[in-house]
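Numbering (my numbering), first residue to last: 189 to 388.
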Amino acid sequence: MTHPDAPFRFYFFLRSPYVWLAAEQLARDGIDVDPIPVVGFVEGTVFGDPVANPPRLAYVIEDIARIAKRMGLALAPPVDPEDWTPVHNVAELAKREGKGLAFVQAAGRARWTQSAVLDDADVLANIAVSVGIDGTAARSAMGDASLRAQMEKAYAPLIEKDQVFGVPFFAFDAGSKTHRYWGQDRIGMMVDDAREMAVL
Numbered sequence: 189m190t191h192p193d194a195p196f197r198f199y200f201f202l203r204s205p206y207v208w209l210a211a212e213q214l215a216r217d218g219i220d221v222d223p224i225p226v227v228g229f230v231e232g233t234v235f236g237d238p239v240a241n242p243p244r245l246a247y248v249i250e251d252i253a254r255i256a257k258r259m260g261l262a263l264a265p266p267v268d269p270e271d272w273t274p275v276h277n278v279a280e281l282a283k284r285e286g287k288g289l290a291f292v293q294a295a296g297r298a299r300w301t302q303s304a305v306l307d308d309a310d311v312l313a314n315i316a317v318s319v320g321i322d323g324t325a326a327r328s329a330m331g332d333a334s335l336r337a338q339m340e341k342a343y344a345p346l347i348e349k350d351q352v353f354g355v356p357f358f359a360f361d362a363g364s365k366t367h368r369y370w371g372q373d374r375i376g377m378m379v380d381d382a383r384e385m386a387v388l
């Protein structure tokens, strides 16, 4: 289910604007990653919801606008879906077809530049088709409980191993150590470190 040839594990949850910006940067820079949807955090991890913290939310909005502008990307107000499972299921389908990062990038872009609702079947099918995934297969994946169970079985141990506590989160192994990076602003540092350690 994972792509062991990819040097970096890229943990994502499509609610985050920083995940979208990370996917844009990874795609632009041609960085090979194994995209892994966060299907749950390590037990005891406290996830701070930025929406519940008004000063933090105001900062995130300002920060995302600043970064997007520098990347030449427009912003539109995001709309939260009621259920994040459908989009992450389709992301898994895309990953299995070798188009995981392309789907994460396209879904993030649709959410953050077009106010797309990422649990709408038509929206997700269209995003899937835009990256070369069959729309009917995408619709089937959206509510596939067995696919979700497979994801949880495969990814929960990786999330535990890498001690993922937020997104976007990256990890790679060199020697006997796992090297971890949190945030899209760490991508360059991660690549430099991987080169120094002869991972790339």
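Positions of the beta carbon are idealized from the N, C-alpha and C atoms, including for glycine.
For Ala262, the closest of Arg299, Gln338, Gly228, Val248 by C-alpha to C-alpha distance is Arg299. A contact is defined here as three or more CB-CB pairs under 8 Å, and the stretch 335–349 fails this definition with respect to the stretch 288–295. A distance below 8 Å separates the beta carbons of Asp350 and Arg197. Apart from the 5 residues on each side of it in sequence, Ala316 sits with its Cβ closer than 8 Å to the Cβ of Val278, Leu281, Ala282, Phe291, Asp322, Gly323, Ala325, Ala326 in its chain, given in chain order. In the three-state reduction of the DSSP assignment, Ala337 falls in the helix class. Going by DSSP, Ile224 is part of the beta strand (DSSP E) stretching over 221–225. A contact between stretches requires three or more CB pairs, one per stretch, nearer than 8 Å, and the stretch 370–378 meets this requirement with the stretch 206–226. Under the criterion of beta carbons closer than 8 Å, Pro269 and Asp307 qualify as touching, at roughly 3 Å. For Ser334, the closest of Ala253, Pro274, Trp208 by C-alpha to C-alpha distance is Pro274.
Bridge partners of His367 according to DSSP: Phe360. Between Val319 and Val311, the beta carbon gap of about 13 Å keeps them out of contact (Cβ cut-off 8 Å). Boundaries of the beta strand (DSSP E) around Phe200: 196–200. Where Ser204 is concerned, there is no enclosing alpha helix (DSSP H), because DSSP gives it neither an H nor an E. Inside the stretch 248–309, DSSP marks whole alpha helix (DSSP H) runs of 4 or more residues at positions 273–284, 288–302, from first to last along the chain. In this structure, the straight-line span from the alpha carbon of Gln302 to that of Arg383 is close to 36 Å. A Cβ-Cβ distance of about 4 Å is found for the pair Tyr199 and Phe357, placing them in contact under the 8 Å criterion.
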